[in-house]
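Asker: The opening residue of the sequence shown carries number 645 in the working numbering; numbering runs sequentially from there.
Below is the structure I would like to discuss, written out as structure tokens.
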Amino acid sequence: MERTTDRLVARLAERLRDGVADFVPLVSEELPVITIGEWMGLPAADFPLLRALTHDQVFTQELLPSPSQLMISDNATRTLHEYFSALVRDRRRSPGDDPVSQWLRIWDELEPDRDRADEAVYYLALLVVLAALETTSTLLSTMAWLIAGHPRQMGWLRAHPQDIPGAVEEVLRYDPPIHVVTRVAGDDMRLADIDVRKDETVHLMLAAANHDPAQYADPHIFDIRRKVSHLSFGGGIHYCVGAPLARMEAAALLTSLLRRLPGLRLHRPPEWAPRVAFRRLTTLQVADTAHERVPHQAGPRD
């Protein structure tokens with residue numbers, strides 16, 4: 645993963661020699677799919693398809709999706725089902741040392757019904773890819789946006805690389821990849837002085853919780869030296885299984901950016917997809933002051 649990170653940052657640096665570059669397609673959308681795809685033994689030629697399908701499928705988890713968004717999500721879900729069902733069949737016929745083959749061997753020991761074992765591995769493989777791509781890409785883009793938009797804090801991190809993990813946590817708190825999660829109440833309960841009835845849908849605003857002034861001093865300020873905890877990875881039985889990998893990718897990328905591109909700056913404010921629950925930066929134009937004098941754009945407060 646670190647080799648991949650350095651290669652992607654080197655490619656970004658080369659593009660920046662000619663001026664402005666878009667960080668999203670060059671780096672943040674590449675690193676997660678390469679990391680998880682190579683680990684699972686997926687063909688590199690399939691990576692663009694998996695990225696596109698993941699972007700479309702996530703609409704079904706949006707807050708109040710439109711009928712057209714649900715149609716897009718349904719079409720993507722069908723294609724993903726075909727892809728990962730074929731993957732499980734292929735690994736069943738020709739097992740190897742990859743995780744999918746290992747999961748099949750494990751489930752065969754636990755589940756005598758071959759079809760049910762295959763179904764369990766299908767869902768696991770699908771979950772791993774969906775979870776690894778969309779939210780991690782957003783985390784990496786958001787981190788680049790915030791760090792490049794705060795040059796003094798970027799300078800601090802270059803001088804204090806031991807603070808990089810803490811900076812990643814502050815990015816997760818300040819603007820998490822998922823702003824809203826939805827749950828259905830299993831029983832009648834009272835939540836934050838609000839009565840919730842069994843089977844009612846509850847939308848939990850994670851991003852708002854991460855900016856709760858009762859929990860954080862000056863929560864609207866991005867501060868990499870903040871000693872922070874947050875709810876961006878959920879909690880309890882719903883805690884994100886990929887949280888350690890997401891943190892590892894973010895720390896590796898930030899380390900490489902600080903070393904290879906100390907003059908990284910925002911060229912213009914980023915653009916976001918029209919979503920509420922699942923954040924996604926679609927464009928992040930950056931420049932390198934080592935090659936081009938770029939005025940500091942109005943971004944997050946320094």
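The C-beta atom is built at its ideal place from N, Cα and C for all residues, glycine as well.
How far does the beta strand (DSSP E) with A931 in it reach, from first residue to last?
Answerer: Here the question's residue 931 lines up with position 287 in the sequence shown. That run of the beta strand (DSSP E) goes 929-932.
Asker: With D839 as the anchor, note down where its beta strand (DSSP E) starts and where it stops.
Answerer: Here residue 839 refers to the residue found at position 195 when the sequence shown is read from its first residue. D839 -> beta strand (DSSP E) spans 838-840.
Asker: Name the DSSP bridge partner or partners of W916?
Answerer: Walking along the sequence shown from the start, residue 916 turns up at place 272. According to DSSP, which records beta bridges pairwise, W916 is partnered with L925.
Asker: Going along the chain, which residues of its own chain have a beta-carbon closer than 7 angstroms to the beta-carbon of F877, five neighbours each way excluded?
Answerer: Within the sequence shown, numbered from 1, the residue matching residue 877 stands at position 233. Y883, C884, A887.
Asker: Any idea if M798 is buried or exposed, counting beta-carbon neighbours within 10 angstroms, 16 or more meaning buried?
Answerer: Mapped onto the sequence shown, residue 798 falls at position 154. Buried, by the Cβ-count rule.
Asker: Below 8 angstroms on the Cβ atoms is my contact criterion, and I expect D670 with A931 to pass it. Report the Cβ-Cβ distance as a whole number of Å.
Answerer: Residue numbering aside, residue 670 sits at position 26 when the sequence shown is read from its first letter. Residue numbering aside, residue 931 sits at position 287 when the sequence shown is read from its first letter. The sequence as given places Leu at residue 670; Asp does not occur at that position. That pair is no contact at about 13 angstroms.
Asker: State buried or exposed for H794, treating a residue as buried only when at least 16 other CB atoms are found within 10 Å of its CB.
Answerer: Counting from 1 along the sequence shown, the entry for residue 794 is found at position 150. It is buried - the Cβ of H794 has at least 16 other Cβ atoms within 10 Å.
Asker: At the level of alpha carbons, what is the spacing between L902 and R736?
Answerer: Counting from 1 along the sequence shown, the entry for residue 902 is found at position 258. Counting from 1 along the sequence shown, the entry for residue 736 is found at position 92. One C-alpha to the other measures close to 44 angstroms.
Asker: Scan the segment 732-768 and note each continuous alpha helix (DSSP H) run of 4 residues or more that stays entirely inside, going in chain order.
Answerer: The qualifying runs are 743-754.
Asker: Is the segment 646-660 in contact with the segment 703-715, if contact means three or more CB pairs nearer than 8 angstroms?
Answerer: Touching, no.
Asker: Please state the DSSP three-state secondary structure of A689.
Answerer: Walking along the sequence shown from the start, residue 689 turns up at place 45. Note: A689 maps to helix in three-state DSSP.
Asker: Kindly indicate which three-state DSSP category A788 falls into: helix, strand or coil?
Answerer: Taking the first residue of the sequence shown as 1, we reach residue 788 at position 144. Three-state result, A788: helix.
Asker: How many angstroms separate the CA atom of L656 from the CA atom of T933?
Answerer: Indexing the sequence shown from 1 puts residue 656 at position 12. Indexing the sequence shown from 1 puts residue 933 at position 289. C-alpha separation (whole angstroms): 14 angstroms.
Asker: Pull up the DSSP beta-bridge partners for T845, would you.
Answerer: Taking the sequence shown and counting its residues from 1, the one referred to as residue 845 is at position 201. V828, per the DSSP bridge assignment.
Asker: Taking 9 angstroms as the cut-off, decide whether the C-beta atoms of R870 and E915 are in contact.
Answerer: Taking the first residue of the sequence shown as position 1, residue 870 is located at position 226. Taking the first residue of the sequence shown as position 1, residue 915 is located at position 271. No, they are not a contact pair.
Asker: How close, in whole Å, do the beta carbons of L770 and W747 come, if the pair is a contact with beta carbons under 8 angstroms?
Answerer: Working through the sequence shown from its first residue, we reach residue 770 at position 126. Working through the sequence shown from its first residue, we reach residue 747 at position 103. That pair is no contact at about 12 angstroms.
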